[in-house]
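Participant: Structure incoming, see below.
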DNA sequence: GAGCACTGC
């Protein structure tokens, strides 16, 4: 949207400002009118007025995410200071959509239209249309259980079925019920609201409207199955379809199943040599696959005549430093064809311009969770039909496209309709703690759309061991309440509470912030590997990963202070330090954001942020006490035994302790890939851990 | 000597 407007300005440098703006406004108006959803505005509003719950199945490009909130605003749903809340599964979606809508409405972002995400709240008291992450909306319920400022809540992308979306679905069902009771004149509701500091002092609370958007593709039934699941969950709620504006995508299957990279690379080159211009997007499972394919493409390229070599392979996955990530958004040089080798990141998180061809081998790395062992597994598995559709859709964003599925059609028919909801595949201790803090004591009776029973048992047990729940599974005060309010894994929240008692809260804040982000260190290109190794040896601590992370944070901070950077230059200075030290600057910046946030949180709780300075013994003892549930002991053969589950595990090669193999360690993560690996570890004295066990047993 | 799908509070 922005680029169109700027393009216009560049073409007419002498056009007076006022006229340029009116031209822009006219263009926006035309664009809005051309959206498929524009023709059904009246009908949509009528349905919202008639139904308390509505399911909208809006195809890609229908304009539902930006237009529907405006329709509701125009229809008066924001009168009296009420808001329409639109929840998104990710920050990036919430931010970009809010920015686009503000521009469309020609209002300043943060006034009528705003967004609110963990690190950035642009809303104010006059905000009517509020975009946010679904996780943040859940948090808001902690402060305002009736979500009393909202007249309508739109849960966008509900078909993605993230954990937060699933919890939100159940929570909103309850809130809606509570508010409809309140509306029948129960003074109690208003009083409760008043106590919580709600804005509706003494007023009646109007019923809450709920709209579930699920963006789908036209082609298969699995999508409408999704809508049916939501509809049934809400007792037969009405579902409406809104047409999209997607170009046709031809789907091609192979005659024989494709099992090797060579055949995959042949497909890429066939497209390159035989098809019309347009970039190619290839979905692969992970970094190693991407790197192998990239090598094969390069090798094959050298065997082609000069004039056929105009192909530009680009790798993209989340651990990539941001400057390399950005390269896929730039158009290929004239006459060149981009071949983007991507993980799932290109499926929903980002949209790459220029794509007309999709190559889909039909596999994806998926996380599963085994509650009995407390272990996560990351395996490559076949995609679902819905995922395959999502992938092929990327070929039809800018024009008619083609999707090459590297398997047979009958194999497609055998795929699952949709991916298993995340709530059935992950550790739930965080979610359960949230629900407890929201006052839902009967977790087994909680109305999940898909119930994850054994993970609930495990989560309750873990929360009890961490001291967040009492023996009869009620929220422990104040510890459980404090832990629920921190935006962290409960184990990390617990570590902060212990550190507060041990005089090393400052160090633990840094540690858990660093543990909460992925890939602090990154793989440098081959020619820099030796240099990186020397640098890493300098910064690594013999005690383990936690002290190493602490060192990275402190050193980068000292560098910032020494450079005495202005506020605006901090990011740049930090990037320089990261580059010199082979640290992923995006990750470090993220960790700094988390640090600032949780430091604010604990200060609000009345904790005094003190430091143990260089007394690392104090800090290491605190680590051991915090993570005593996850200890591992070295075996005769050099492998480790995890004490909780009894599993035989290995130290992950990214750990600084990979070579030194101390006798006893605590760790934060146990994950099975090719082997069972423990990650993020620190050497401990076995006596500490035993001692702590003894204390907790009493 | 060998490995890291993707989000989010």
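In our numbering, the protein residues as written are 743 to 1440.
For each residue, glycine too, the CB sits at the ideal point set by N, CA and C.
Remember, predicted model here, so these are calculated numbers, not experimental data.
1) Residue 802 and residue 1135 - do their beta-carbons sit closer together than 7 Å?
2) Buried or exposed for residue 1131, please, with buried defined as at least 16 other CB atoms from any protein chain shown within 10 angstroms of its CB.
3) Mapping DSSP to helix, strand and coil, what is residue 989?
4) For residue 1067, does the three-state DSSP call read helix, strand or coil?
5) If we count the other Cβ atoms within 10 Å of its Cβ and call it buried at 16 or more, is residue 1226 buried or exposed?
6) State the beta-bridge partners of residue 863 as determined by DSSP.
7) In three-state terms, what does DSSP make of residue 1013?
8) Determine the closest residue to residue 1220 out of 1179, 984, 1080, with distance taken between C-alpha atoms.
9) Answer yes or no: do residue 841 and residue 893 have a C-beta to C-beta separation smaller than 7 Å?
10) In whole angstroms, what separates the C-alpha of residue 965 from that of residue 987?
11) Say whether the region 1263-1274 touches the region 1369-1388, bearing in mind that this needs 3 or more beta-carbon pairs closer than 8 Å, one atom from each stretch.
12) To the nearest angstrom, how far is the alpha carbon of residue 850 from that of residue 817?
13) Is residue 1124 helix, strand or coil by DSSP?
14) Check each candidate in 890, 798, 916 and name the one with the smallest Cα separation from residue 900.
15) For residue 973, which three-state DSSP category applies?
16) For residue 1275, which option in 1310, 1016, 1324, 1249 has the closest C-alpha, if you only look at C-alpha atoms?
17) Provide the residue span of the beta strand (DSSP E) that contains residue 829, from first to last.
18) Would you kindly work out how many angstroms separate the C-alpha atoms of residue 1353 and residue 1247, rounded to a whole number?
19) Under the rule that 16 or more other beta-carbon atoms within 10 Å means buried, what is residue 1356, buried or exposed?
20) Is it true that the CB of residue 1083 sits closer than 7 Å to the CB of residue 1036?
21) Just to confirm my understanding: we take residue 805, look at its own chain, exclude 5 residues before and 5 after, and list those with CB closer than 6 Å. What are they?
22) Return the Cβ separation of residue 888 and residue 917 in integer angstroms, given the expectation that the two are a contact with Cβ distance under 8 Å.
23) Return the residue from the list 1424, 1386, 1411, 1242 that minimises the CA-CA distance to residue 1403.
24) What are the boundary residues of the beta strand (DSSP E) that includes residue 1418?
25) So the alpha helix (DSSP H) residue 816 belongs to, where does it begin and stop?
26) What span of residues does the beta strand (DSSP E) with residue 1143 cover, start to end?
27) Quick check: the Cα distance between residue 1161 and residue 1129, rounded to an integer number of angstroms?
28) Name the one or two DSSP bridge partners that residue 1406 has.
29) Which residue marks the beginning of the alpha helix (DSSP H) containing residue 893, and which one marks its end?
30) Is it buried or exposed, residue 861, if we count other Cβ atoms within 10 angstroms and call 16 or more buried?
31) Specify whether the region 1045-1060 and the region 1097-1107 touch according to this definition: at least 3 beta carbon pairs, one from each stretch, less than 8 Å apart.
32) Within the same chain, show all residues whose beta-carbon is closer than 6 Å to that of residue 1200, passing over the 5 residues directly before and after it, in chain order.
33) Are the CB atoms of residue 1172 and residue 980 nearer to each other than 7 Å?
34) Could you tell me whether the Cβ atoms of residue 905 and residue 1165 are closer together than 7 Å?
35) Buried or exposed: residue 866, going by 16 or more other Cβ atoms within 10 Å of its Cβ?
36) According to DSSP, simplified to helix, strand and coil, what is residue 1228?
Facilitator: Short version:
1) Counting from one through the first chain, the residue named residue 1135 turns up at place 393. Counting from one through the first chain, the residue named residue 802 turns up at place 60. Cβ distance < 7 Å, so residue 1135 and residue 802 count as in contact.
2) Start at 1 with the first residue of the first chain, and residue 1131 comes out as number 389. Under this definition residue 1131 is a buried residue.
3) Position 247 of the first chain, counting from 1, holds the residue named residue 989. Residue state, collapsed to three classes: coil.
4) Within the first chain, the letter at position 325 stands for residue 1067. Of the three classes helix, strand and coil, the one that applies to residue 1067 here is helix, per DSSP.
5) Reading the first chain from its first residue, position 484 is the one you call residue 1226. A residue is called buried once 16 or more other Cβ atoms fall within 10 Å of its Cβ, and residue 1226 is buried on that count.
6) For the purposes of this step, residue 863 is identified with residue 121 of the first chain, where counting begins at 1. The partner list for residue 863 (beta bridge, DSSP) reads 858.
7) In the first chain, the residue the question calls residue 1013 occupies position 271. Residue 1013: helix per DSSP, three-state reduction.
8) As a first step, residue 1220 must be located in the first chain, where it is residue number 478. When the alpha-carbon of residue 1220 is set against those of 1179, 984, 1080, the nearest one is in 1179.
9) Against the first chain, residue 841 aligns to sequence position 99. Against the first chain, residue 893 aligns to sequence position 151. No, Cβ-Cβ distance for residue 841 and residue 893 is not below 7 Å.
10) One-based indexing of the first chain puts residue 965 at position 223. One-based indexing of the first chain puts residue 987 at position 245. Note that residue 965 scores 41 on pLDDT, short of 50, meaning its location in the model is unreliable; the coordinates nonetheless yield the value given after this. A direct Cα-Cα distance of roughly 17 Å separates residue 965 from residue 987.
11) no
12) Position 108 of the first chain, counted from the start, is the residue given in the question as residue 850. Position 75 of the first chain, counted from the start, is the residue given in the question as residue 817. Each residue's Cα considered, the two are about 21 Å apart.
13) One-based indexing of the first chain puts residue 1124 at position 382. Here residue 1124 carries a strand assignment [DSSP, helix/strand/coil].
14) As a first step, residue 900 must be located in the first chain, where it is residue number 158. Closest by C-alpha distance to residue 900, out of 890, 798, 916, is 798.
15) Reading the first chain from its first residue, position 231 is the one you call residue 973. Note: residue 973 maps to helix in three-state DSSP.
16) In the first chain, residue 1275 corresponds to position 533, counting from 1. Closest by alpha carbon: 1324.
17) Along the first chain, one-based indexing puts residue 829 at 87. Looking at the DSSP string, the run of the beta strand (DSSP E) that includes residue 829 is 825-830.
18) By one-based count along the first chain, residue 1353 stands at place 611. By one-based count along the first chain, residue 1247 stands at place 505. Distance between the alpha carbons of residue 1353 and residue 1247: 6 Å.
19) Within the first chain, the letter at position 614 stands for residue 1356. Residue 1356 is exposed by the Cβ-count criterion.
20) Along the first chain, one-based indexing puts residue 1036 at 294. Along the first chain, one-based indexing puts residue 1083 at 341. Going by C-beta atoms, residue 1036 is nearer than 7 Å to residue 1083.
21) Residue mapping note: residue 805 aligns to position 63 of the first chain, counting from 1. The residues are 777, 779.
22) In the first chain, the residue the question calls residue 888 occupies position 146. In the first chain, the residue the question calls residue 917 occupies position 175. So it is a contact: roughly 6 Å between Cβ atoms.
23) Numbered from its first residue, the first chain carries residue 1403 at position 661. Sorting 1424, 1386, 1411, 1242 by C-alpha distance to the C-alpha of residue 1403 places 1424 at the top.
24) Start at 1 with the first residue of the first chain, and residue 1418 comes out as number 676. It spans 1418-1425 - the beta strand (DSSP E) in which residue 1418 sits, taken as one unbroken run.
25) Stepping through the first chain from its first residue, residue 816 is reached at position 74. Taken as a continuous stretch (DSSP letters only), the alpha helix (DSSP H) holding residue 816 covers 806-816.
26) Here the question's residue 1143 lines up with position 401 in the first chain. That run of the beta strand (DSSP E) goes 1143-1147.
27) Position 419 of the first chain holds residue 1161. Position 387 of the first chain holds residue 1129. So the two alpha carbons sit approximately 7 Å from each other.
28) Your numbering for residue 1406 matches position 664 in the first chain. Looking at the DSSP assignment, residue 1406 forms a beta bridge with 1375.
29) Translated into positions along the first chain, residue 893 becomes position 151. Counting along the chain, residue 893 falls outside any alpha helix (DSSP H), though it belongs to the beta strand (DSSP E) covering 892-897.
30) Along the first chain, one-based indexing puts residue 861 at 119. Burial call: exposed.
31) no
32) By 1-based counting over the first chain, the position of residue 1200 is 458. Cβ contact annotation for residue 1200 (same chain, cutoff 6 Å, sequence separation greater than five): 1113, in chain order.
33) Looking up residue 1172 in the first chain gives position 430. Looking up residue 980 in the first chain gives position 238. Result no, Cβ atoms of residue 1172 and residue 980 do not sit closer than 7 Å.
34) Here residue 905 is taken as the residue at index 163 of the first chain, counted from 1. Here residue 1165 is taken as the residue at index 423 of the first chain, counted from 1. Yes. Within cutoff.
35) The count along the first chain starts at 1 and reaches residue 866 at position 124. Counting Cβ neighbours within 10 Å, residue 866 comes out exposed, since fewer than 16 surround it.
36) Reading the first chain from its first residue, position 486 is the one you call residue 1228. DSSP places residue 1228 in coil when its eight states are reduced to three.
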